[in-house]
Ligand code: PLP
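Okay, here's the thing in structure tokens:
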């Protein structure tokens with residue numbers, strides 16, 4: 523068993539990769555100066571910052587590194603994008619019913635109720651309804667679309683290539699929250715899905731750091747800005763750049779890209795067992811999903827009781843998105859997939875890591891079976 527054999531909450535956060543930690547320490551030790559200062563050592567920091575921007579651009583197949591803006595994470599990046607798009611577009615935004623709260627909240631705040639159109643998902647597959655999207659795009663009132671690449675609670679993958687094509691053909695601006703995609707599946711062409719956001723700690727790159735990729739046309743004459751009050755990031759995101767964190771994040775993404783996993787065998791065995799032996803239900807099971815994620819509707823008892831007992835046995839799982847877990851809020855994602863309030867209280871999210879083995883998954887299913895007996 524690996525060290526992290528009982529950790530099944532990788533969609534909430536991941537431990538830093540060893541190579542990322544080495545780079546973090548090295549940069550913090552040797553290159554701590556402010557990249558905006560004017561002496562030689564600071565120039566070296568600035569140079570390294572641009573080096574890592576270029577490396578990230580290479581990884582993301584982004585032709586111009588200037589399209590990348592470093593930020594403190596996907597929450598900041600999503601907030602900044604939504605605020606900017608609300609102020610630079612007149613019409614409505616179509617936003618999927620399963621977005622992360624860090625998209626939902628700024629959409630409500632900056633677009634306002636009258637300019638928001640919700641895009642439903644099919645309750646069985648959990649995938650956005652493309653017909654509904656096409657209808658919205660044809661209406662002429664929709665100027666912005668926001669659909670995530672992969673859902674943090676269910677792992678269900680959204681058809682971002684198709685969405686990107688439809689938006690491009692209609693001349694509509696797209697925002698893609700890809701925080702759960704990066705590091706788990708190949709970057710491919712995802713960085714070309716409009717305004718694209720990512721987060722270091724979802725793939726072993728460390729917390730408090732993330733990035734935004736701007737669309738190509740934003741560079742000619744676009745006025746994107748996030749935080750204001752400083753000249754950093756070409757005036758597009760104020761605040762002293764955190765080179766150690768940025769270097770660690772880029773190092774981690776590079777490593778993930780060369781050791782990508784696609785095997786969901788352990789997860790699938792686990793699901794087969796908990797379905798047949800415990801009577802769990804797995805919404806969206808037949809859909810294309812991230813290889814690491816499983817959302818279970820437990821057969822009985824509140825999810826928190828299961829979580830606590832699993833924790834006593836050394837297993838870390840989640841009751842849903844870490845951001846709403848523990849707050850007693852009904853999950854929008856589960857509501858969109860047709861779960862009622864009572865069912866939502868029985869949901870458990872299990873998300874493994876890159877090193878998790880089939881034995882680890884089976885040990886978790888054994889623990890669930892033992893807890894099921896205790897709680898019955
Ligand atoms: N978007 C999605 C889909 C997420 O899962 C998360 C984290 O849970 C975020 C955004 C927020 O990312 P960060 O923690 O980097 O702010």
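In the working numbering, the protein residues as written are 523 to 898.
Just so you know, even glycine gets a beta-carbon here, dropped at the ideal spot from N, CA and C.
For residue i, write down the residues that DSSP places opposite it in a beta bridge.
i, result
"residue 531", "873"
"residue 717", "697"
"residue 725", "None, per the DSSP bridge assignment."
"residue 639", "616"
"residue 672", "679"
"residue 664", "614"
"residue 607", "Beta-bridge pairing links residue 607 to no other residue."
"residue 734", "591 and 719"
"residue 559", "Partner(s): none; residue 559 has no beta bridge."
"residue 838", "529"
"residue 816", "872"
"residue 633", "The partner list for residue 633 (beta bridge, DSSP) is empty, contrary to what the question assumes."
"residue 650", "643"
How long is the line joining the alpha carbons of residue i and residue j, rounded to whole angstroms?
i, j, result
"residue 754", "residue 806", "43 Å"
"residue 761", "residue 609", "22 Å"
"residue 643", "residue 564", "49 Å"
"residue 891", "residue 607", "48 Å"
"residue 668", "residue 618", "7 Å"
"residue 809", "residue 703", "16 Å"
"residue 723", "residue 770", "10 Å"
"residue 745", "residue 865", "45 Å"
"residue 655", "residue 700", "19 Å"
"residue 637", "residue 821", "40 Å"
"residue 581", "residue 827", "42 Å"
"residue 803", "residue 872", "13 Å"
"residue 758", "residue 630", "23 Å"
"residue 567", "residue 887", "48 Å"
"residue 795", "residue 819", "14 Å"
"residue 542", "residue 613", "42 Å"
"residue 844", "residue 834", "Annotation note: pLDDT 40 at residue 844 (below 50); position unreliable, coordinate value reported separately. About 19 Å."
"residue 830", "residue 842", "14 Å"
"residue 634", "residue 763", "32 Å"
"residue 664", "residue 576", "34 Å"
"residue 798", "residue 611", "50 Å"
"residue 600", "residue 671", "13 Å"
"residue 569", "residue 739", "25 Å"
"residue 547", "residue 559", "21 Å"
"residue 743", "residue 689", "20 Å"
"residue 683", "residue 889", "39 Å"
"residue 525", "residue 583", "34 Å"
"residue 783", "residue 874", "12 Å"
Tell me, to the nearest whole angstrom, how far the beta carbon of residue i is from that of residue j; I am working on the premise that it is less than 8 Å.
i, j, result
"residue 533", "residue 620", "Not quite, the Cβ-Cβ distance comes to about 14 Å (not below 8 Å), so this is no contact."
"residue 867", "residue 824", "5 Å"
"residue 839", "residue 870", "6 Å"
"residue 792", "residue 883", "4 Å"
"residue 595", "residue 728", "Not confirmed; about 10 Å, so no contact."
"residue 726", "residue 536", "5 Å"
"residue 716", "residue 696", "3 Å"
"residue 632", "residue 605", "5 Å"
Less than 8 Å separating the beta-carbons of residue i and residue j?
i, j, result
"residue 718", "residue 698", "yes"
"residue 530", "residue 863", "no"
"residue 495", "residue 880", "Given a span of 523 to 898 for the chain in the structure shown, any question on residue 495 remains unanswerable."
"residue 574", "residue 768", "yes"
"residue 549", "residue 766", "yes"
"residue 775", "residue 578", "yes"
"residue 479", "residue 545", "With the chain represented from 523 up to 898, any question about residue 479 goes unanswered, as that position is not in the structure."
"residue 593", "residue 751", "no"
"residue 539", "residue 557", "no"
"residue 641", "residue 603", "no"
"residue 476", "residue 741", "In the structure displayed, the chain extends from 523 to 898; residue 476 sits before or after that span and is not available."
"residue 714", "residue 692", "no"
Quiz item: Does the pairing of the segment 697-707 with the segment 849-866 give three or more beta-carbon distances under 8 Å?
Solution: No, the segment 697-707 is not in contact with the segment 849-866.
Quiz item: Should the segment 650-659 be regarded as contacting the segment 622-638, the criterion being three or more beta carbon pairs within less than 8 Å?
Solution: As far as the Cβ criterion goes, the segment 650-659 does not touch the segment 622-638, which means the pair count is below three.
Quiz item: Are the segment 720-735 and the segment 581-596 touching by the rule of at least three beta carbon pairs closer than 8 Å?
Solution: A contact exists between the segment 720-735 and the segment 581-596.
Practice problem: Spell out a yes or no on whether the segment 676-694 and the segment 809-819 are touching, meaning 3 or more CB-CB pairs, one atom from each, closer than 8 Å. | Solution: Contact between the segment 676-694 and the segment 809-819 is established, with three or more Cβ pairs separated by less than 8 Å.
Practice problem: Tell me, please, whether the segment 782-802 touches the segment 544-560 by the rule of three or more beta-carbon pairs shorter than 8 Å. | Solution: Segments in contact, no.
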